[in-house]
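In this note's numbering, the protein residues as written are 5 to 374.
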């Protein structure tokens, strides 16, 4: 069967896929066009002057992307591609961005996977899109210069992992352990290493999703008191409980009050509930991306989120990133939030002083950015 949620059925991870994953499909077209937020056009010119136009179309996600027959394709090899931060640096330096290109059915098509800041980006190439072209694409934003990319040795995969199983792994273990970007613990290189490990040994315990519900029986899964006590103890069990209980406001409040990130498993209506959203961001500011768009930019919710974790200023609308109270709350909690401040406040003495007090390194680094 297709991955849950592919054809509009309820999906427990909808908020995570919608806010943390960007997926685009690329295919060849006769000519270029005017780019939009969801479509981009790339022109490639061969040594002989022949032009090829590739269109990149961003998909709307509410779960694992529906890729039709591609889901049955087998991953037969992969290449880790490294993009050095400097044009001249030793190969053994760790100062590089890493992404992965997966070969499907011996190179019939390719899938690019990479972590970029807090986002997981996937680019699915249709048949006849060369691997050399794939290096130029990103799921969002401008492309990259393939000439600056360095390939690690190609590795053959013999585990017969399908694209469907890859998406299942992302929907399970990857989503459950997804952490905000951290230079030392959660960056592009960590994701590339985890993906390689999964492709080479998918049965390893570290690659399994973890259902925290204990003593699971048909009777207990229909017992509201049991479910309520379970999510209070293990909030992310919200992902695994019946849909009827995930719509229960008290159960969801119990979960997000103990782990704000569990908001990602709440249904749309409760992610748009002000009290539920406020409880989540007060416990974990990084739950802000999972708040429903209707209230995500509510000033009270934004202020509560940055007071708990200033770094989430990156998810705030420009009006909030120019709001003195919001900005001060953010940099006082996390100096690195200064990089997301907008307008004149970037160079405001009070803001800079608060940043320096919280994190002198963040202030010094910002001087190179602004």
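Virtual Cβ for every residue (Gly too), placed ideally from N, Cα, C.
With 16 other CB atoms within 10 Å as the buried threshold, where does residue i fall?
i           : result
residue 96  : exposed
residue 287 : buried
residue 294 : buried
residue 29  : buried
residue 24  : buried
residue 110 : exposed
residue 90  : exposed
residue 187 : exposed
residue 151 : exposed
residue 131 : exposed
residue 11  : Residue confidence is low: residue 11 scores 37 on pLDDT, short of 50, so the model does not pin down where it sits. No coordinate-derived value is stated.
residue 362 : buried
residue 145 : exposed
residue 71  : buried
residue 5   : Only weak support exists for where residue 5 lies, its pLDDT of 35 falling under 50; the value from the coordinates is given anyway. It counts as exposed.
residue 49  : exposed
residue 358 : buried
Take residue i and list the residues in its own chain whose beta-carbon comes closer than 7 Å to its own, dropping the five residues that flank it on each side.
i           : result
residue 306 : 320, 324 and 330
residue 241 : 216, 217, 234 and 235
residue 311 : 333 and 337
residue 255 : 231, 232, 235 and 249
residue 214 : 180
residue 185 : 121, 122 and 191
residue 42  : 61 and 62
residue 283 : 257, 260 and 261
residue 36  : 45, 47 and 57
residue 360 : 367
residue 364 : none
residue 7   : Confidence is the limiting factor: at residue 7 the pLDDT is only 40, short of 50, which leaves the residue's position unreliable, though a coordinate-based value still follows. 67, 68, 168, 171, 172 and 175, listed in sequence order.
residue 159 : 81 and 82
Quick one, are the C-beta atoms of residue i and residue j less than 7 Å apart?
i           : j           : result
residue 173 : residue 202 : yes
residue 266 : residue 239 : yes
residue 82  : residue 59  : no
residue 106 : residue 138 : no
residue 22  : residue 243 : no
residue 206 : residue 163 : yes
residue 313 : residue 290 : yes
residue 375 : residue 74  : Any question about residue 375 goes unanswered here, given that the chain covers just 5 to 374.
residue 342 : residue 316 : no
residue 156 : residue 84  : yes
residue 195 : residue 119 : yes
residue 77  : residue 98  : no
residue 26  : residue 125 : yes
residue 309 : residue 335 : no
residue 199 : residue 104 : yes
residue 147 : residue 140 : yes
Strictly by DSSP, which residues pair up with residue i?
i           : result
residue 196 : Looking at the DSSP assignment, residue 196 forms no beta bridge with any residue, so it has no partner.
residue 166 : 78
residue 116 : 105 and 127
residue 27  : 126
residue 329 : Paired residues: none, contrary to the question.
residue 190 : 186
Counting contacts by CB-CB distance shorter than 7 Å, is residue i in contact with chain C?
i           : result
residue 180 : Going by chain labels, chain C is absent from the structure shown, which holds only one protein chain.
Provide the residue span of the alpha helix (DSSP H) that contains residue i, from first to last.
i           : result
residue 310 : 303-312
residue 177 : That residue, residue 177, is in no alpha helix (DSSP H); it is neither H nor E in DSSP.
residue 102 : It is not in any alpha helix (DSSP H) - residue 102 instead sits in the beta strand (DSSP E) that spans 100-108.
residue 245 : That residue, residue 245, is in no alpha helix (DSSP H); it is neither H nor E in DSSP.
residue 62  : From DSSP, residue 62 is part of no alpha helix (DSSP H) but of the beta strand (DSSP E) over 55-62.
residue 353 : 353-362
residue 35  : Neither: residue 35 is in no alpha helix (DSSP H) and is coded neither H nor E.
residue 213 : Unbroken run through residue 213: none, as it is neither H nor E.
residue 261 : 253-262
How far does the beta strand (DSSP E) with residue i in it extend, from its first residue to its last?
i           : result
residue 86  : 79-88
residue 135 : Here residue 135 belongs to no beta strand (DSSP E); instead the alpha helix (DSSP H) covers 135-138.
residue 48  : 43-49
So, for residue i: in the same chain, excluding its five sequence neighbours on each side, which residues have a beta-carbon less than 6 Å away from its beta-carbon?
i           : result
residue 13  : Low local confidence applies: a pLDDT of 46 at residue 13 is under 50, so the model's placement there is unreliable, with the coordinate-based value given in what follows. Same-chain partners within the cutoff: there are none.
residue 86  : 100, 102 and 154
residue 354 : none
residue 347 : 326
Between residue i and the rest of its own chain, which residues show a CB-CB distance below 8 Å, the 5 nearest in sequence each way excluded?
i           : result
residue 280 : 253, 256, 257, 260, 267, 270 and 274
residue 299 : 276, 278, 281 and 305
residue 303 : 324, 327 and 330
residue 149 : 140
residue 112 : 77 and 131
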